[in-house]
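Worksheet: the structure to be examined is printed underneath.
2 protein chains.
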Amino acid sequence: MKFYDGAAPNPRRVRIFLAEKGVEVPTERLDIPKNEARSPAFLKKNSLGAVPVLELDDGTIITESVAICRYFEELYPDPPLFGADAVERAKVEMWNRRIEIEIMTNIGAVALHTFDFFKDRVMQVPAYAEAQRETSMKKLAWLDGELADGRPYLTGDRFSVADITGMTASMIAGFVGIEIPEELSNLRRWDDRLRSRPSWDA
Amino acid sequence: MKFYDGAAPNPRRVRIFLAEKGVEVPTERLDIPKNEARSPAFLKKNSLGAVPVLELDDGTIITESVAICRYFEELYPDPPLFGADAVERAKVEMWNRRIEIEIMTNIGAVALHTFDFFKDRVMQVPAYAEAQRETSMKKLAWLDGELADGRPYLTGDRFSVADITGMTASMIAGFVGIEIPEELSNLRRWDDRLRSRPSWDA
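Chains A and B supply the protein sequences, listed in that same order.
Mapping to our numbering: the first sequence position 190 is 190, numbers consecutive.
Mapping to our numbering: the second sequence position 111 is 1111, numbers consecutive.
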């Protein structure tokens, strides 16, 4: 197999996932600013012109970071990062989606709608970026409330792919200058805990 | 268990899923326009004030339509709607996310940013709605190209939860007056195939 990687938040989700599993995979790193993910040859692998992409030995293509992580979870079940039983797996899915939809996407929209890099990739609406910056702060306060019971990770005692999505959101927040306010102490504790993991640097 | 339902696209995803499985679950239908999902009692179940919610007999709460579907997949494995082996499961995840991110979310943004119903729920940016209407048409053309090989369903011969997400996107498109252009014949064939399923009316 071959993992097509690049310097961007979504491939980083897979890199963190693999680091947490202790697995190394043959990797080709694309130069994203040089549009290598949008070359005619690469568009044949992923018509959306993006990494990550996993190519299996029989030519099967898997795109989308969470789909790739889910495939690796089946190849390398330990430690379980998508949950260890039906209820835990449902909770991981629930929290991965909550963090992605409520937190990461809102924060990401600030970058998508203001950075020059995305000018020819999305129809930028700067007023939307401003609205999403404000919305993001409300959602951070919501998440702080959710973590008020002091549990170490989103689904309880076990680190999961939902926390990895949180690590990615935290990185994107840094890009757009969104900081966790001092008073959101539950959220800060969780964020500090994630930053202390060796996989943070993946 | 109890399934909290309501007249909205995301709970409909779960209703279609259950219809495809041939399963009935004790259900309480909330009146969404009357804000029953945002009552203090219901906010204790889902702090995001939304359906669907699945409450298990021990009080465990699962929110997010896909998380609830995934839980039902484990309880009722046949027919498999999340894939039958590791590669197929990865492809279902990939396509479910592609349809959700590239199609459903873009079309949904047109409703979110123009409908009175969402006025106090999101910071509406009408210019963003217009941009997303245009983006949606480009994404429909992209999806038409992806379906040009004539396969019946997104991941191949087997209907999956990714197609259910497509059914939901199709319904939202109707709400905002987005129609599949005549020339996107691959997409039209797929959409017609989904509309002919008995679960369409779930």
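Think of the CB as a built atom: it goes at the ideal place given N, C-alpha and C, for glycine as much as any other residue.
Note that this is a predicted model, so its numbers are computed, not measured.
1. List, in order along the chain, the chain A residues whose C-beta lies closer than 8 Å to that of B/W1142?
2. Can you name, in chain order, every residue of its own chain whose Cβ lies under 8 Å from the Cβ of B/F1117, other than the five neighbours on each side?
3. If you count every other CB in all the chains shown that lies within 10 Å of the CB of A/K119, and 16 or more means buried, which is it?
4. Comparing alpha-carbon positions, which option in B/P1079, B/G1177, B/I1107 lies nearest B/L1018?
5. Can the beta-carbon of B/L1147 be found less than 7 Å from the beta-carbon of B/W1095?
6. Strictly by DSSP, which residues pair up with A/V161?
7. Using alpha carbons as the reference points, say which of B/K1045, B/E1020, B/E1183, B/F1042 lies closest to B/D1201.
8. Please report the distance separating the alpha-carbon of B/S1199 from that of B/D1005.
9. Going by the DSSP bridge assignment, what does A/R29 pair with across the sheet?
10. Give, in chain order, every residue of the segment 1083–1100 of chain B whose Cβ lies closer than 9 Å to some Cβ of chain A.
11. What does DSSP give as the partner residue(s) for B/T1063 in the beta ladder?
12. Grouping DSSP H, G and I as helix and E and B as strand, with all else coil, what is B/Y1076?
13. Would A/S74 pass as an interface residue toward chain B - the criterion being a Cβ-Cβ separation below 7 Å?
14. Counting only beta-carbon atoms, is B/V1125 nearer than 7 Å to chain A?
15. Using a beta-carbon distance cut-off of less than 7 Å, what residues from the segment 128–142 of chain A approach chain D?
16. Between the segment 101–117 of chain A and the segment 170–187 of chain A, do three or more beta carbon pairs fall short of 8 Å?
17. Based on the DSSP output, what are the partners of B/Y1153 in its beta bridges?
18. Apply the 10 Å Cβ neighbour rule to A/G166 and answer buried if 16 or more other Cβ atoms are within range, or exposed otherwise.
19. Taking only heavy atoms of the ligand ATP into account, decide whether any of them is closer than 6 Å to the Cβ of A/F118.
20. Between the segment 1152–1163 of chain B and the segment 1120–1137 of chain B, can you find at least three pairs of beta-carbon atoms closer than 8 Å?
21. Between A/E55 and A/M1, how many whole angstroms is the CB-CB distance? I'm expecting something under 8 Å.
22. I think A/S39 touches B/W1142, with their Cβ atoms under 8 Å apart; what is that distance to the nearest whole Å?
23. Using a beta-carbon distance cut-off of less than 8 Å, what residues from the segment 60–74 of chain A approach chain B?
24. Give me the subset of the segment 144–161 of chain A whose CB atoms are less than 9 Å from a CB atom of chain B, sorted by chain position.
25. Considering only C-alpha positions, which residue in the set A/E182, A/T155, A/D192, A/M171 is nearest to B/I1061?
26. In whole angstroms, what separates the C-alpha of B/E1130 from that of B/L1184?
27. Grab the span of the alpha helix (DSSP H) containing B/W1190 for me, first residue to last.
28. Does the beta-carbon of B/K1091 have 16 or more other beta-carbons within 10 angstroms, so that it is buried, or is it exposed?
29. Assign B/T1135 to one of three DSSP states: helix, strand, or coil.
30. How long is the line joining the alpha carbons of B/D1031 and B/V1051, rounded to whole angstroms?
31. Spatial neighbours of B/E1036 within its chain, please: CB distance less than 6 Å, with the 5 preceding and 5 following residues excluded, ordered by chain position.
32. Would you call the CB atoms of B/V1253 and B/Y1076 closer than 7 Å?
Walking through what the data contain:
1. S47, L48
2. P1033
3. exposed
4. B/P1079
5. no
6. Partner(s): none; A/V161 has no beta bridge.
7. B/E1020
8. 16 Å
9. A/D5
10. D1085, A1086, V1087, R1089, A1090, K1091, V1092, E1093, M1094, W1095, N1096, R1097, R1098
11. B/V1053
12. coil
13. The sequence given here places Glu at residue 74 of chain A; Ser does not occur at that position. With 7 Å as the cut-off, A/E74 counts as an interface residue toward chain B.
14. yes
15. Annotation note: the requested chain D is absent from the structure, which comprises protein chains A and B.
16. yes
17. B/G1156
18. buried
19. Questions concerning the ligand ATP fall outside what the structure shown contains, since it holds no ligand whatsoever.
20. no
21. 6 Å
22. 17 Å between Cβ atoms; not a contact.
23. T60, I62, T63, E64, V66, A67, I68, R70, Y71, E74
24. G145, E146
25. A/T155
26. 21 Å
27. 1185–1195
28. buried
29. helix
30. 10 Å
31. L1030
32. In the structure displayed, chain B extends from 1001 to 1202; residue 1253 of chain B sits before or after that span and is not available.
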